[in-house]
Amino acid sequence: METESVSEVVIVSEYDIVLARKGIREAAVECGFGLTDVTRIVTAASELSRNVFLYAGEGVVTWHVLHGAHVGLELRFIDHGPGIEDLDKAMQPGFTSGRGMGMGLPGAKRLMDEMLIETEAGLGTTVIVRKWLSSRFE
Amino acid sequence: MMTSGISVMRLGAVLLVAVPSDPDDDTIADLQVRIMEALNGSSAQGLILDISTVQTVDSYFARTLTETVQMVGLMGGVTVLSGMQASVAVTTTQLGLSLGPIPTALNVDRAMVRLQELLSERQI
Chain A
1 METESVSEVV IVSEYDIVLA RKGIREAAVE CGFGLTDVTR IVTAASELSR
51 NVFLYAGEGV VTWHVLHGAH VGLELRFIDH GPGIEDLDKA MQPGFTSGRG
101 MGMGLPGAKR LMDEMLIETE AGLGTTVIVR KWLSSRFE
Chain B
1 MMTSGISVMR LGAVLLVAVP SDPDDDTIAD LQVRIMEALN GSSAQGLILD
51 ISTVQTVDSY FARTLTETVQ MVGLMGGVTV LSGMQASVAV TTTQLGLSLG
101 PIPTALNVDR AMVRLQELLS ERQI
């Protein structure tokens with residue numbers, strides 16, 4: 001499935017969110033996404049990498065192109081922070097455990113085609129999102 | 001902070017601020033400070049926030065923009081947001097962000113007209 005290399009940005013400061021956005025924008029354009037989808041992907045990436053910084057302090061963002069029946073872009077946001085206590089609640093728009101606006105997770109899910117979340121209290125959170133090139137309903 | 005590259009221009013009673021294309025959080029926070037400083041002690045009544053080069057508006061950016069408009073309002077100023085790209089408008093809406101009742105315009109020219117209208121309405 002994954003023939004192309006994986007790129008990554010380590011998130012330790014707010015500025016790294018910009019670096020992640022830049023790298024992911026380039027990857028999305030190269031992948032062939034149209035401007036609106038590129039903007040959706042980059043905006044979702046911005047929300048999710050900010051979550052890493054806000055809630056875990058540090059983490060890693062990786063991305064790679066998916067080749068299979070369809071071409072897509074997969075982004076992973078990995079941290080070893082406190083984890084998400086109540087995932088159902090965290091997916092509700094407007095819910096925030098404090099520092100955010102409560103738009104990050106549900107908003108990013110709407111902007112992408114797929115979202116998978118693995119989280120465990122005290123161990124951290126991994127959020128995986130994908131956007132497929134063929135699913136363009138603009 | 002001198003690195004953010006934000007310029008606040010004064011055109012008569014209007015402040016015009018062009019937001020950089022891919023601002024980091026510090027730049028966005030700095031933007032707010034610069035606007036409030038420029039407004040303070042000036043006779044400016046209106047602010048045009050031009051976001052025509054901005055490619056990404058996430059929730060942090062949207063919240064800071066909304067806050068800034070509120071702050072300008074507290075000081076008696078009127079803000080018009082201009083030049084939002086179509087892709088940004090689509091994404092911001094789908095993300096679930098509301099920029100509230102901020103007056104908007106397609107570009108700076110129209111923002112200037114809109115601002116004059118709002119300012120004259122206010123004087124009646």
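Just so you know, the protein sequences line up as chains A and B, in that order.
In this text, residue positions in the first sequence follow the numbering used here: the first is 1, and each later residue adds one.
In this text, residue positions in the second sequence follow the numbering used here: the first is 1, and each later residue adds one.
A virtual CB, placed ideally from N, CA and C, is assigned to each residue, including glycine.
In whole angstroms, give me the CA-to-CA distance for residue i and residue j.
| i | j | result |
| --- | --- | --- |
| Gln92(A) | Leu95(B) | 12 Å |
| Ala27(A) | Leu87(A) | 29 Å |
| Gly41(B) | Asn107(B) | 27 Å |
| Thr91(B) | Ile51(B) | 14 Å |
| Pro20(B) | Ile6(B) | 7 Å |
| Gly83(A) | Gly32(A) | 34 Å |
| Glu85(A) | Gly77(B) | 43 Å |
| Asn51(A) | Gln123(B) | 44 Å |
| Arg114(B) | Ile117(A) | 45 Å |
| Ser43(B) | Ala13(B) | 6 Å |
| Gly59(A) | Val9(A) | 9 Å |
| Ser46(A) | Glu121(B) | 39 Å |
| Arg25(A) | Asp26(B) | 21 Å |
| Met1(B) | Asp30(B) | Note on Met1(B): pLDDT 41, under 50, position unreliable in the model; no value is reported. |
| Ala90(A) | Ala105(B) | 34 Å |
| Leu119(B) | Trp132(A) | 47 Å |
| Arg130(A) | Ser98(B) | 25 Å |
| Tyr55(A) | Tyr15(A) | 16 Å |
| Pro33(B) | Ala108(A) | What sits at residue 33(B) in the sequence shown is Val, not Pro. The straight-line gap from Cα to Cα measures roughly 29 Å. |
| Ser82(B) | Ser7(A) | 35 Å |
| Gly100(B) | Gln70(B) | 10 Å |
| Leu185(A) | Val17(B) | The requested residue 185(A) does not occur in the structure, where chain A is confined to residues 1 to 138. |
| Cys70(A) | Ile128(A) | A small fix is needed here, since residue 70(A) is His in this sequence, not Cys. Whole-angstrom Cα-Cα distance: 17 Å. |
| Asp37(A) | Thr56(B) | 12 Å |
| Arg143(A) | Gly57(A) | Nothing can be reported for residue 143(A), as the shown portion of chain A is limited to 1 through 138. |
| Arg157(A) | Thr43(A) | Outside the displayed span of chain A (1 to 138) sits residue 157(A), for which this structure offers no information. |
| Gly104(A) | Ser49(A) | 9 Å |
| Gln85(B) | Glu117(B) | 23 Å |
| Ile11(A) | Ala62(B) | 22 Å |
| Asp24(B) | Ile17(A) | 8 Å |
| Thr68(B) | Pro103(B) | 13 Å |
| Leu65(B) | Val29(A) | 27 Å |
| Gly34(A) | Met9(B) | 34 Å |
| Thr119(A) | Thr93(B) | 28 Å |
| Ala111(B) | Leu11(B) | 13 Å |
| His80(A) | Thr125(A) | 6 Å |
| Phe137(A) | Pro106(A) | Reliability of the predicted coordinates at Phe137(A) is poor, the pLDDT of 47 falling under 50, and the value obtained from them is presented with this limitation in mind. Cα-Cα distance, rounded: 19 Å. |
| Gly23(A) | Asp22(B) | 12 Å |
| Gly68(A) | Ile78(A) | 24 Å |
| Asp109(B) | Gln45(B) | 17 Å |
Under 8 Å by Cβ, that's how I've got residue i and residue j pegged, so tell me the actual separation to the nearest angstrom.
| i | j | result |
| --- | --- | --- |
| Ile41(A) | Leu73(A) | 6 Å |
| Ala72(B) | Ile35(B) | The displayed chain sequence assigns Val, not Ala, to residue 72(B). Between Ile35(B) and Val72(B) the Cβ distance is about 7 Å, and since that is below 8 Å, they are a contact. |
| Met75(B) | Leu39(B) | 6 Å |
| Thr39(A) | Ser87(B) | 4 Å |
*Could you name the residues of the stretch 32-58 of chain A whose beta carbon sits closer than 7 Å to any beta carbon of chain B, in the order they occur along the chain?*
Listed by position, the residues of the stretch 32-58 of chain A near chain B (Cβ gap below 7 Å) are Leu35, Thr36, Thr39, Arg40, Val42, Thr43, Ser46, Glu47, Arg50.
*asked:* What are the residues in the stretch 46-67 of chain B lying within 9 Å of chain A by C-beta distance?
replied: Gln55, Thr56, Val57, Asp58, Ser59, Tyr60, Phe61, Ala62, Arg63
_So within the stretch 9-71 of chain B, which uninterrupted alpha helix (DSSP H) runs reach at least 4 residues, ignoring any that extend past its ends?_
25-39
*For the stretch 80-103 of chain B, which residues have a beta carbon sitting closer than 7 Å to at least one beta carbon of chain A?*
Ser87, Val88, Val90, Thr91, Gln94, Leu95, Gly96, Leu97
*Which residues, taken in chain order from the stretch 1-30 of chain B, show a beta carbon closer than 7 Å to some beta carbon of chain A?*
The residues in question are Asp22, Asp24, Asp25, Asp26.
*Okay, do the stretch 112-125 of chain A and the stretch 60-68 of chain A touch, 3+ Cβ pairs below 8 Å being the bar?*
no
*Below 9 Å between beta carbons is the criterion; list the residues of the stretch 109-127 of chain A that meet it against any residue of chain B, in chain order.*
Arg110, Leu111
*3-residue-minimum beta strand (DSSP E) runs that sit fully inside the stretch 48-90 of chain A, ordered along the chain*: Every beta strand (DSSP E) of 3 residues or more that sits fully in the stretch 48-90 of chain A is shown, in chain order, as 59-67, 71-79.
*asked:* Tell me which residues of the stretch 11-24 of chain A have at least one Cβ-Cβ distance to chain B shorter than 8 Å, keeping chain order.
replied: Glu14, Tyr15, Ile17, Val18, Arg21, Lys22
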